[in-house]
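Taking it in order: structure first as structure tokens, then the write-up.
Numbering (the numbering used here), first residue to last: 760 to 1375.
Encoded structure:
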């Protein structure tokens, strides 16, 4: 099937389309709603005053997130091509913008699917009775428990030693861990199966991957609210600490969180929207995807913090029981009946009457707020804090399986967007020879990604993954998004873009969208970018190393990155965006030398020669 060329030339092959609107929306929602909604947003709420954090977060959503989301969905739908084709169509000098998005998507997919592999490893182990992270393993000669596990915890030992087999520093590479290699290969095979027919198979997969997490979150919510300590966790989460809004870091983290949470500047959203009918209300799509994404973050925080409250309650009881045992062994009082309920009264009494003796017992400080403030984000929340809480829950295997299936669904649906941001631009630019089927080329990309990602399965793999996560998904995305707005609003032109929106949605953008695109959003992006770079440049970056020989073990040891790793940090922040100036300079040189490129796609025009709107 074909459609008319915008300039009235020969027909061109029609672009694939979504089977229905539901598949498109679910795919966009699945791409936007990812692991960060479950473990990054609750962490930020915890450390930045609970309800107070929602203020800068919602401001960033309205004035930065939604305008950028609307812009990407609209420009992809109108020009009907991937990220490289979109920006090259607007201006040949902007071709590097699409290449930058492709590079970022490729790099992010490498470590993101490694996290999915970790989730699969925990999922496989969740079927064991008892859970393997619930108790320390015996030594090989059965003379006792592993010392590293006893000095830390069974949960920490399973994560750092039995899963990662982590090295004490990033400079010690370690060997490949075969179980992680198998899980990583499995993760890439699953991604490939879902991608084997492009949007045809993706559209079917998202019915499960995009909806199942909400079912699991609801089940967790019902269960979590019945656990002791759940109320304390929710109070801690939503109690506003207004004074913390005076900290500029809060606003910086809120702006970056909403930006990364919506998966902007990866190119995946542009690719997904390019498969739409041109007569589609992309404004409504942007609002739906953006609101559901943010609502999911808040909704996920409720069961997560209810469970963390339960964990804090369990730790408090354990702490009190240890102190009670020490007091009852030290004092011989006939009517002494200390319980967790009357512990404070007994402690005050004994501390007044036998001060020195109580002091020599070295009792632990048992405070609910202290346990609630033991924050953890990212992998720490999923693979340490939550798994420790699951141990004490009834039917712990069931909850562990549900939790990791939910994380797997979230990770897989986000991987669709990451890989789409790589494959679609390459196909649109006809860089794949005709004799290579799409299925074979997808297999090649997945195989290359798997081989490169093997670095994350080594003993030092977690350290390298944190570098990729911290530097590929930060400055490059901010720079790409800034140039995206400049390209559409000031090069493509706000008037022409408004004409396109009227053609697609039946109405012109209102004053809010125009002000955001023209002033507010680019200004916010510029300020966030400058602030982020300034904060990062002030100190030499450190990383937490798991070193059993560290004097404060089981605390992680904060070590400065060695020069080699620091150089990689700088390269990962700069190389993805280098195509932007390189392509621009190359085009300029070609122009000055009198050469003309004929490989660029033509810029679609919504009007024919008589000024009437045409539907290409």
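Idealized CB from N, CA, C, for every residue including glycine.
To which residues of the same chain is residue i closer than 7 Å at the C-beta, ignoring the five residues directly before and after it?
| i | result |
| --- | --- |
| residue 1184 | 841, 842, 843, 844, 857, 861 and 1026 |
| residue 1384 | It is not possible to answer for residue 1384, since the shown part of the chain is limited to 760 through 1375. |
| residue 964 | 953 |
| residue 779 | none |
| residue 1315 | 1303, 1304 and 1305 |
| residue 1368 | Per-residue confidence for residue 1368 stands at a pLDDT of 40, beneath the threshold of 50, marking its modelled position as unreliable; no derived number is given. |
Pull the bridge partners of residue i from the DSSP assignment, please.
| i | result |
| --- | --- |
| residue 904 | 897 |
| residue 1318 | 1302 |
| residue 1217 | 935 |
Can you tell which of the options has its C-alpha closest to the C-alpha of residue i?
| i | options | result |
| --- | --- | --- |
| residue 1245 | 849, 1112, 800 and 1013 | 849 |
| residue 1151 | 1108, 1104, 1309 and 1077 | 1077 |
| residue 1197 | 1179, 1211, 1114 and 1209 | 1179 |
| residue 1011 | 1087, 1333, 815 and 1257 | 815 |
| residue 994 | 805, 784, 1338 and 1222 | 805 |
| residue 1225 | 874, 836, 824 and 819 | 874 |
| residue 967 | 782, 923 and 1307 | 782 |
| residue 1229 | 1157, 1286 and 1325 | 1325 |
| residue 1016 | 1095, 801 and 934 | 801 |
| residue 929 | 1219, 898, 1336 and 1190 | 1219 |
| residue 812 | 940, 798 and 1009 | 1009 |
| residue 839 | 1022, 855, 1138 and 1033 | 1033 |
| residue 977 | 926, 1165 and 1148 | 1165 |
| residue 1158 | 937, 1056, 981 and 1239 | 981 |
| residue 1054 | 792, 1349, 1188 and 1323 | 792 |
| residue 1221 | 933, 901 and 897 | 933 |
| residue 1332 | 1182, 1234 and 1260 | 1234 |
| residue 885 | 1329, 1156, 1188 and 1004 | 1156 |
| residue 1208 | 865, 1199, 1031 and 1294 | 865 |
| residue 969 | 1021, 1353, 784 and 1349 | 784 |
| residue 1238 | 1119, 1018 and 1200 | 1018 |
| residue 1309 | 877, 894, 926 and 897 | 926 |
| residue 1138 | 822, 1337, 877 and 1050 | 877 |
| residue 863 | 936, 1181 and 1351 | 1181 |
| residue 1236 | 1292, 1327 and 1298 | 1292 |
| residue 807 | 1130, 796 and 1005 | 1005 |
Keeping to the same chain, check which residues put their C-beta closer than 6 Å to that of residue i; ignore five residues upstream and five downstream.
| i | result |
| --- | --- |
| residue 979 | 1062 |
| residue 1079 | 1099, 1102 and 1125 |
| residue 1146 | 892 and 914 |
| residue 1067 | 992 |
| residue 1290 | 1011 |
| residue 942 | 876, 879 and 880 |
| residue 936 | 924 and 1216 |
In its own chain, which residues sit with a C-beta less than 8 Å from the C-beta of residue i, not counting the 5 before and 5 after it?
| i | result |
| --- | --- |
| residue 852 | 1342, 1343, 1346 and 1347 |
| residue 1405 | The chain is shown only over 760 to 1375; residue 1405 falls outside these bounds and no answer can be derived. |
| residue 907 | 916, 920 and 1307 |
| residue 1263 | 833, 836, 837, 1037, 1038, 1039, 1040 and 1041 |
| residue 1241 | 1281, 1284, 1285 and 1288 |
| residue 910 | 1307, 1312 and 1313 |
| residue 951 | 1201, 1202 and 1205 |
Below 8 Å on the Cβ atoms is my contact criterion, and I expect residue i with residue j to pass it. Report the Cβ-Cβ distance as a whole number of Å.
| i | j | result |
| --- | --- | --- |
| residue 786 | residue 961 | 6 Å |
| residue 955 | residue 1171 | Residue 955 to residue 1171, Cβ: 14 Å. No contact. |
| residue 987 | residue 1090 | 29 Å between Cβ atoms; not a contact. |
| residue 1161 | residue 975 | 5 Å |
| residue 819 | residue 1013 | 5 Å |
| residue 882 | residue 946 | The Cβ separation is near 11 Å, so there is no contact. |
| residue 997 | residue 1232 | Going by Cβ atoms, the distance from residue 997 to residue 1232 rounds to 28 Å, so no, they are not a contact pair. |
| residue 777 | residue 1035 | 7 Å |
| residue 859 | residue 1340 | Not confirmed; about 10 Å, so no contact. |
| residue 798 | residue 1141 | 5 Å |
| residue 775 | residue 957 | 6 Å |
| residue 1175 | residue 789 | 6 Å |
**Prompt:** With contact counted as at least three CB pairs below 8 Å, one residue from each stretch, are the segment 1200 to 1216 and the segment 869 to 879 in contact?
**Reply:** yes
**Prompt:** Is the segment 1032 to 1045 touching the segment 831 to 841, taking contact as three or more C-beta pairs under 8 Å?
**Reply:** yes
**Prompt:** Three or more beta-carbon pairs under 8 Å between the segment 1272 to 1283 and the segment 1058 to 1075, yes or no?
**Reply:** no
**Item:** Cβ pair count under 8 Å reaching 3, the segment 917 to 934 against the segment 873 to 892
**Value:** With the cut-off at 8 Å, the segment 917 to 934 and the segment 873 to 892 touch.
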